[in-house]
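Note that the protein sequences, when read in sequence, are chains A and B. With the UniProt record's numbering applied, the first sequence covers 1 to 368. With the UniProt record's numbering applied, the second sequence covers 1 to 368. Idealized CB from N, CA, C, for every residue including glycine. What follows is a short report on a single structure.
There are 2 protein chains.
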Amino acid sequence: MFTFQVTKNDDASAARLGRLSTSHGVFDTPIFMPVGTQATVKAVTPEMLTEMGAGIILSNTYHLYLRPGADLVERAGGLHKFMNWPRGILTDSGGFQIFSLQGLRKISDEGVVFNSHIDGSRHFLSPQIVMEIEQKLGADIAMCFDECAPYPCSYEEADQAVTRTSLWAKRCRDSHNCSDQALFGIIQGNIFADLREKSAREITALDFPGYAIGGLSVGEPKEDMYRILDLTHQLLPTDKPRYLMGVGAPEDLVEGVARGVDMFDCVLPTRIARHGTAFTHRGKLVVRNAVYAADFRALDTDCDCRVCKNYSRAYIRHLVKAEEILAHTLITYHNLYFLIKMMQDIRQAIAEDRFNEFYTNFYASYKF
Amino acid sequence: MFTFQVTKNDDASAARLGRLSTSHGVFDTPIFMPVGTQATVKAVTPEMLTEMGAGIILSNTYHLYLRPGADLVERAGGLHKFMNWPRGILTDSGGFQIFSLQGLRKISDEGVVFNSHIDGSRHFLSPQIVMEIEQKLGADIAMCFDECAPYPCSYEEADQAVTRTSLWAKRCRDSHNCSDQALFGIIQGNIFADLREKSAREITALDFPGYAIGGLSVGEPKEDMYRILDLTHQLLPTDKPRYLMGVGAPEDLVEGVARGVDMFDCVLPTRIARHGTAFTHRGKLVVRNAVYAADFRALDTDCDCRVCKNYSRAYIRHLVKAEEILAHTLITYHNLYFLIKMMQDIRQAIAEDRFNEFYTNFYASYKF
């Protein structure tokens, strides 16, 4: 059974500590969730995720529906068993992916007709169908099927997406009937304050066990994102978890926490890893650069992860240049550890009434 | 310091048990050595190699000389430290790779001029230079620089390669001066019995601490390989380890052990893994095939490795189809474990005087 409890509120900001309970573990918030789009967090094993302290991971309904199919995952005993991940899983509804698809897709109030990015085959997804799929996948947290407007978009487009997201949220709620899976509503509204207010009002009226802030980190300036977050957390109930979708840059995690966000996910740490870039306490480090060819220091000299304890920049750069898979694995491991550890440090700071100090120190050392 | 001791001889075959001691551990033979060409065993971590019971791994002088360079590895503290592998390492001399290169290369008694496969740059390697490189890399076992004749080749070509391999072996021995690294000689001679005899006579006269059988598994029929092995092990001293280079098919390991071979290496288990093929006790299984789409059994139902305990064919096939890195990692792990475990079982069988029974059972269940 899913429960959430706020255990502490920061005095100087909207930051807070909380605790999520699921059938697959209890997780402290604020939390960063690694992304395992296709039922695997790219380049690392579940054992590595456990070792680095990952709690909940995210997987993707759109991708799993197309391949290998929700029925197969259900026959395997659900997503946890299929991918050998015993801890928490959240499934994104696929809305974001479908609305990002190039080419033909037709949206109506009933749902979306689209072509698969894998083989071009034609598909129809409605809120009800997505609920069926997410229940077959069996994650601990499922997301409502929503319409995510692009950035930039007109006020009218954003308004229509809010209206449809509310309509679909009701249909999702009415057709979702798995008591062991929490269904979260999603707030849309792009960068328009009044649309965010409208969306929050309509979605929270449906009384979900958690709320996501969608449609941010889609290309808008950071000031817009922070402004909308400043607004949105005040529109959401204090006793439910708040999940900022698709956000994972270190500075955005810090800013999100300061604005009352409890959960984050993003492909950033795993994606930049595969391009040879590592997070460090002093900013990003492009380890494939020639300057690191004979640098025998750790990726991040302030990090105590298994990778930083055992491998040098010179070795990892060699792996990157030689196109070895281990390069992906090592940098991905470090990047995920970096964010997970950062969230632990943030929780510790909030617990000790020094989140403000953490915030200042972060910007003093992290270079852009 | 390097030592080798034969601890038991099989009564019914040339199979034997032995023990290799190096500065990085003591290893029971017969042993299979995973290949880490570019200072990494493709798709797995050193921790995984330790967990699966790997003892010595092989790395490649030609590749490491070109990238990242022997000087860099030396500055890193040697190959063990560079790649975070605390157990045994053997470096191949690069002869095989250079003689396999397409395009321009010029061989003389002095050495080989060739073009890099990476950037086309021109290089010269001689026995003396290769010894310098291998000593900088700092493996526990180094191989002499040899000339490996292709298959098929004329008697004259094979004879010339034997003569040059002997000349170079003497130069290697004379210039090698690292007491903490054992230098092995290599027997050539292609599929010609009298050339194998000549090569064995000349190379063993140089009194190396170990001998490799090179120039096999290069395309010749299996009968030729087995015939040459039948002959060669009788030409080698019984108190020195015998290493059959580039051999790693399960049946060839069994046949090699029966012919007195103590050490093997091969890219086969890691290479076929990346193409979606797994070893099993019943033969190879092409897990990417559609027939495994909903097969929730382990890759090998008779295997107790971490992969077989936790993942299904259906899941691994999904990863292969979705082009996920984890597919490579899981199948590579299993394939290496399969060979390492097979060698453990072989050692156990020899120890218990039932290698003949092992041999019969292997062919009864392994399908080609």
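- [ ] Go ahead and pull the three-state DSSP assignment for cysteine 148/A.
- [x] In the first sequence, the residue the question calls residue 148/A occupies position 148. Coil at cysteine 148/A, not helix or strand.
TODO: Give me the Cα-Cα distance between methionine 263/B and threonine 61/A, rounded to the nearest whole angstrom.
DONE: By 1-based counting over the second sequence, the position of residue 263/B is 263. By 1-based counting over the first sequence, the position of residue 61/A is 61. So the two alpha carbons sit approximately 48 angstroms from each other.
Task: Listed by chain order, chain B residues near asparagine 310/A by CB distance under 7 angstroms - done: If you number the first sequence from 1, residue 310/A lands on position 310. Those within 7 angstroms of asparagine 310/A in chain B are Asn84.
Task: Against chain A: residues of the region 325–341 of chain B by CB proximity under 7 angstroms - done: Ile325, Leu326, His328 and Thr329
Task: Residue range of the unbroken alpha helix (DSSP H) whose run includes glutamine 160/A - done: By 1-based counting over the first sequence, the position of residue 160/A is 160. Its alpha helix (DSSP H) spans residues 155–175.
Open item on the list: Rounded to the nearest angstrom, what separates arginine 242/B and valine 6/B at their Cα positions?
Closed with: Residue mapping note: residue 242/B aligns to position 242 of the second sequence, counting from 1. Residue mapping note: residue 6/B aligns to position 6 of the second sequence, counting from 1. Approximately 11 angstroms between the Cα atoms of the pair.
Open item on the list: What does DSSP give as the partner residue(s) for histidine 318/A in the beta ladder?
Closed with: As a first step, residue 318/A must be located in the first sequence, where it is residue number 318. Histidine 318/A is not bridged to any residue.
Open item on the list: Which residues in chain B have a C-beta closer than 9 angstroms to the C-beta of leucine 72/A? List them in chain order.
Closed with: Within the first sequence, the letter at position 72 stands for residue 72/A. Those within 9 angstroms of leucine 72/A in chain B are Ala293, Ala294, Ala314 and His318.
TODO: Note down the Cα distance separating alanine 182/A from alanine 290/A, rounded to an integer number of angstroms.
DONE: What you label residue 182/A is simply residue 182 of the first sequence in a count that begins at 1. What you label residue 290/A is simply residue 290 of the first sequence in a count that begins at 1. When rounded, the distance between both Cα atoms is 48 angstroms.
Open item on the list: DSSP has serine 59/A in a bridge; who is on the other side?
Closed with: Position 59 of the first sequence, counted from the start, is the residue given in the question as residue 59/A. Listed as beta-bridge partners of serine 59/A by DSSP are Thr91/A.
Open item on the list: Check whether the region 28–36 of chain A and the region 330–343 of chain A touch, using three or more Cβ-Cβ pairs below 8 angstroms as the test.
Closed with: yes
TODO: Examine chain B for any beta-carbon lying closer than 7 angstroms to the beta-carbon of proline 68/A, and answer yes or no.
DONE: In the first sequence, the residue the question calls residue 68/A occupies position 68. Closer than 7 angstroms to some Cβ of chain B, the Cβ of proline 68/A qualifies, so yes.
Task: Test item: CB-CB of glycine 103/A and leucine 125/A under 7 angstroms - done: Numbered from 1 along the first sequence, position 103 holds the residue referred to as residue 103/A. Numbered from 1 along the first sequence, position 125 holds the residue referred to as residue 125/A. It is not a contact, given that the beta carbons lie outside the stated cut-off.
- [ ] Express the C-alpha separation of serine 217/B and methionine 245/B in angstroms, rounding to a whole number.
- [x] Position 245 of the second sequence holds residue 245/B. Position 217 of the second sequence holds residue 217/B. Methionine 245/B and serine 217/B: Cα-Cα distance of roughly 8 angstroms.
- [ ] Return the chain-ordered list of same chain residues with a C-beta closer than 7 angstroms to the C-beta of leucine 101/A, the five sequence neighbours on each side being excluded.
- [x] Taking the first residue of the first sequence as 1, we reach residue 101/A at position 101. Once the five neighbours on either side are set aside, the close Cβ partners of leucine 101/A are Phe114 and His117.
TODO: Mark lysine 136/A as exposed unless 16 or more other C-beta atoms lie within 10 angstroms of its C-beta, in which case mark it buried.
DONE: Residue mapping note: residue 136/A aligns to position 136 of the first sequence, counting from 1. Lysine 136/A counts as buried, since at least 16 other C-beta atoms from the protein chains shown sit within 10 angstroms of its C-beta.
Task: Residue closest to phenylalanine 279/B, alpha-carbon to alpha-carbon, out of Ser108/B, Leu90/B and Arg313/B - done: To locate residue 279/B, count along the second sequence from 1; it is residue 279. Comparing Cα positions, the closest option is Arg313/B.
Task: As assigned by DSSP and simplified to three states, the class of tyrosine 211/B - done: Indexing the second sequence from 1 puts residue 211/B at position 211. Strand at tyrosine 211/B.
- [ ] Inspect the beta-carbon positions of histidine 233/B and arginine 271/B and report whether they are closer than 7 angstroms.
- [x] Position 233 of the second sequence, counting from 1, holds the residue named residue 233/B. Position 271 of the second sequence, counting from 1, holds the residue named residue 271/B. Taking the C-beta atoms as reference points, arginine 271/B is found no nearer than 7 angstroms to histidine 233/B.
TODO: Find the nearest neighbour of serine 166/B within the set His318/B, Tyr65/B and Gly214/B, judged by alpha-carbon distance.
DONE: Within the second sequence, numbered from 1, the residue matching residue 166/B stands at position 166. Of the listed residues, the one whose Cα sits closest to serine 166/B is Gly214/B.
Task: DSSP state of proline 30/B mapped onto helix, strand, coil - done: For the purposes of this step, residue 30/B is taken as the residue at position 30 of the second sequence. Residue state, collapsed to three classes: coil.
Task: Within chain A, partners of threonine 40/B - CB distance below 7 angstroms - done: Start at 1 with the first residue of the second sequence, and residue 40/B comes out as number 40. Within chain A, Leu319, Glu324 and Leu326 have C-beta atoms less than 7 angstroms from the C-beta of threonine 40/B, given in sequence order.
Open item on the list: To be precise: take each residue of the region 133–150 of chain B, compare its Cβ to all Cβ atoms of chain A, and keep it if any distance is under 8 angstroms. Which residues remain?
Closed with: none
TODO: Assign threonine 238/A to one of three DSSP states: helix, strand, or coil.
DONE: In the first sequence, the residue the question calls residue 238/A occupies position 238. Three-state DSSP puts threonine 238/A in coil, outside helix and strand.
Task: DSSP state of aspartate 265/A mapped onto helix, strand, coil - done: The count along the first sequence starts at 1 and reaches residue 265/A at position 265. It is a strand residue.
- [ ] Identify the continuous alpha helix (DSSP H) that holds leucine 195/B and give its terminal residues.
- [x] Translated into the one-based positions of the second sequence, residue 195/B becomes position 195. In the DSSP assignment, leucine 195/B falls within the unbroken alpha helix (DSSP H) covering 193–204.
- [ ] Could you have a look at phenylalanine 296/A and say whether DSSP puts it in helix, strand or coil?
- [x] Within the first sequence, numbered from 1, the residue matching residue 296/A stands at position 296. It is coil, neither helix nor strand.
- [ ] Give the interface partners of alanine 43/B over in chain A, defined as CB-CB distance under 9 angstroms, in chain order.
- [x] Taking the first residue of the second sequence as position 1, residue 43/B is located at position 43. Within 9 angstroms Cβ-Cβ: Glu324, Ile325, Leu326 and Thr329.
Open item on the list: Using the Cβ count rule (16 or more neighbours within 10 Å means buried), how would you classify threonine 358/B?
Closed with: Counting from one through the second sequence, the residue named residue 358/B turns up at place 358. Per the sequence shown, the amino acid found at residue 358/B is phenylalanine instead of threonine. Buried is the call here.
Open item on the list: For the alpha helix (DSSP H) containing leucine 72/A, name the first residue and the last one.
Closed with: Walking along the first sequence from the start, residue 72/A turns up at place 72. Run containing leucine 72/A: 70–75, per the alpha helix (DSSP H) assignment.
Open item on the list: Pop quiz: arginine 274/B and alanine 43/B are said to be a contact at Cβ under 8 angstroms. What is the actual Cβ separation, rounded to whole angstroms?
Closed with: On the second sequence, residue 274/B is found 274 positions in, with the first residue counted as 1. On the second sequence, residue 43/B is found 43 positions in, with the first residue counted as 1. So it is a contact: roughly 7 angstroms between Cβ atoms.
Task: For threonine 280/B: DSSP bridge partner residues - done: The count along the second sequence starts at 1 and reaches residue 280/B at position 280. According to DSSP, which records beta bridges pairwise, threonine 280/B is partnered with Gly283/B.
Task: Residue closest to glutamate 147/B, alpha-carbon to alpha-carbon, out of Ile187/B, Pro209/B and Lys284/B - done: For the purposes of this step, residue 147/B is taken as the residue at position 147 of the second sequence. Between glutamate 147/B and the set Ile187/B, Pro209/B and Lys284/B, the nearest pair of CA atoms involves Ile187/B.
Task: Beta carbon proximity, alanine 351/A to chain B, threshold 7 angstroms - done: Along the first sequence, read from residue 1 onward, the residue named residue 351/A stands at position 351. Not closer than 7 angstroms to any Cβ of chain B, the Cβ of alanine 351/A fails to qualify, so no.
TODO: Leaving out five residues on either side along the sequence, give the residues of the same chain with a beta carbon under 6 angstroms from the beta carbon of tyrosine 333/A.
DONE: Residue 333/A sits at position 333 when you count from the first residue of the first sequence. Correct list, in chain order: Val44, Met48 and Val307.
Open item on the list: Let me confirm a value: aspartate 265/B is counted as buried when at least 16 other C-beta atoms fall within 10 Å, else exposed. Which label applies?
Closed with: Position 265 of the second sequence, counting from 1, holds the residue named residue 265/B. Counting Cβ neighbours within 10 Å, aspartate 265/B comes out buried, since at least 16 surround it.
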